[in-house]
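So the structure is just underneath, and the comments pick up after that.
Residue numbers (our numbering): 7 to 387.
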């Protein structure tokens with residue numbers, strides 16, 4: 007005799023047998039059915055508890071992981087540890103981190119763990135034909151149970167990437183307010199390796215990582231700004247000229263170019279707010295934090311005359327400088343400056359000059375950049 011194990015759905019069947027014939031009566035069947043019902047409830051509760059336990063995060067592993075990130079003193083240390091998410095938290099085979107280059111505005115693979123890390127730094131992110139690009143563009147999480155479809159494998163980074171042992175994927179955006187500046191992704195070697203609840207867990211990790219990256223960048227920018235404030239404009243300009251005197255002959259010999267940008271901003275409606283020394287300092291500090299995202303290794307950001315900032319782009323060209331000027335202008339114009347209790351709209355004034363096209367000496371490069379700035383200021387008025 008057999009009876010189903012029924013609760014919210016059929017979980018199986020309970021069966022008994024006997025070597026004798028005509029042993030089971032209607033009364034026996036009712037007893038077995040009642041026993042099966044109680045057994046089904048026990049099974050249902052056990053499965054429910056198991057499912058909840060599976061969804062519960064391992065607090066010990068999570069705490070250890072966060073502590074590893076918190077002790078990082080530099081952004082490089084932080085990036086090196088982000089992808090080492092324990093399997094107790096996300097049961098993945100590999101993890102990857104994609105970030106946006108603040109200066110070039112292009113995405114790149116910042117770190118990975120579980121892949122063949124030898125290809126790190128050689129991978130480019132395709133903005134449209136990749137999973138990373140899709141998450142970056144849509145600014146929303148993505149879970150794919152199988153990236154090997156009938157039309158071929160979907161690329162994690164770009165269609166020409168090397169063969170990666172990945173079958174299923176979870177990828178979540180890293181955001182600063184509503185602006186996406188990166189992607190955190192997890193891959194599995196098996197189809198449907200990640201259950202849906204892991205998407206939310208990945209989002210939580212992504213939010214924490216976003217805050218940590220923003221915090222460590224802000225601390226770096228504040229430290230740099232405090233260091234710059236202790237220097238006089240004359241000291242900064244002298245150091246810049248001396249640096250240019252050292253590198254320009256080498257750049258000319260190698261046929262390489264350097265660009266110097268002069269940057270400041272004006273309040274859109276000056277009648278609404280009086281300009282004073284404190285106001286100018288607040289605008290200068292606001293611009294510093296914006297421009298520091300364009301300040302790559304080898305570049306120099308210093309104070310100039312009349313509350314201007316000077317940004318030296320060591321590996322540049324005329325075309326590249328024009329692109330950076332356009333991006334800086336757009337970002338400044340769309341980023342209100344906090345002055346007192348008010349968010350004040352400002353207008354960017356940017357001038358640029360490139361060695362050796364516009365000038366062939368340090369002093370003439372600085373003068374050419376200032377002339378370009380003054381021309382932009384006249385056009386703005």
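Even glycine gets a Cβ: it sits at the ideal position worked out from N, Cα and C.
Taking a cut-off of 8 Å on C-beta distances, the segment 100-120 touches the segment 179-198, as three or more cross pairs fall below it. Counting only unbroken stretches of 4 or more residues, the alpha helix (DSSP H) elements lying wholly within the segment 122-198 are 137-144, in sequence order. The criterion of a C-beta distance shorter than 9 Å is satisfied by residue 89 and residue 119.
If the five residues before and after residue 296 are omitted, its C-beta is found closer than 7 Å to the C-beta atoms of 337, 338 and 341, all from its own chain and listed in chain order. Setting aside the 5 residues that flank it on each side, residue 331 is surrounded in the same chain by 356 and 358, each with a C-beta closer than 6 Å to its C-beta; the list follows chain order. Excluding its 5 nearest sequence neighbours in each direction, residue 382 has C-beta neighbours in its own chain below 8 Å: 355, 356 and 357, listed in chain order. Counting every other CB atom within 10 Å of its CB across the protein chains shown gives residue 290 a total of 16 or more, marking it as buried. Note on geometry: alpha-carbon atoms of residue 104 and residue 81 lie some 14 Å from one another.
Between residue 267 and residue 319, the CB-CB gap stays under 9 Å.
With respect to residue 178, residue 200 sits apart: the two C-beta atoms are not nearer than 9 Å. Here residue 305 is buried. Its C-beta has 16 or more other C-beta atoms within 10 Å. Look at residue 339 here: in three-state DSSP terms it is helix. In the three-state reduction of the DSSP assignment, residue 322 falls in the strand class. Residue environment: residue 379 is assigned as buried (16 or more neighbouring CB atoms within 10 Å of its CB, all protein chains considered). The beta carbon of residue 223 sits closer than 7 Å to the beta carbons of 81 from its chain, once the five residues preceding and following it are set aside; these are given in chain order. Here residue 138 is buried: its Cβ has 16 or more other Cβ atoms, across all protein chains shown, within 10 Å. Secondary structure within the segment 346-373: the beta strand (DSSP E) runs of 3 or more consecutive residues, fully enclosed, are 348-350 and 352-361 (chain order). Residue 69 has no beta-bridge partner at all, per DSSP. Assignment of residue 203 by DSSP, reduced to helix, strand and coil, places it in the helix class. By the C-beta density criterion, residue 65 is exposed, having fewer than 16 other C-beta atoms within 10 angstroms. Each residue's CA atom was taken as its position, placing residue 19 and residue 198 some 28 Å apart.
Residue 264: member of the beta strand (DSSP E) spanning 263-273, first to last residue. DSSP places residue 98 outside both helix and strand once states are collapsed to three, so it counts as coil. By the neighbour-count criterion, in which a residue is buried when 16 or more other Cβ atoms sit within 10 angstroms of its Cβ, residue 309 is buried.
DSSP places residue 306 in the strand class (E or B) of the three-state scheme. Straight-line spacing of the CA atoms in residue 287 and residue 369 works out to 26 Å. For residue 117, the enclosing beta strand (DSSP E) has its first and last residue at 113-119. Within the same chain, Cβ atoms closer than 8 Å to the Cβ of residue 67 are found at 92, 94 and 95, the five residues on either side in sequence being excluded. Linking residue 366 to residue 376 through their CA atoms gives a straight-line distance of about 15 Å. Per DSSP, the continuous alpha helix (DSSP H) segment holding residue 88 begins and ends at 81-88. Straight across, the Cα-Cα distance linking residue 247 with residue 363 is about 18 Å.
Secondary-structure assignment with DSSP links residue 221 through no beta bridge to anything. In its chain, beyond the 5 residues on either side, no residue has a beta carbon closer than 6 Å to the beta carbon of residue 146. The beta-bridge partner set that DSSP reports for residue 331 is empty.
Inter-residue distance for residue 350 and residue 293 is about 13 Å (C-alpha atoms, whole angstroms).
Residue 180 holds the alpha-carbon nearest to the alpha-carbon of residue 218 among 180, 166, 244 and 243.
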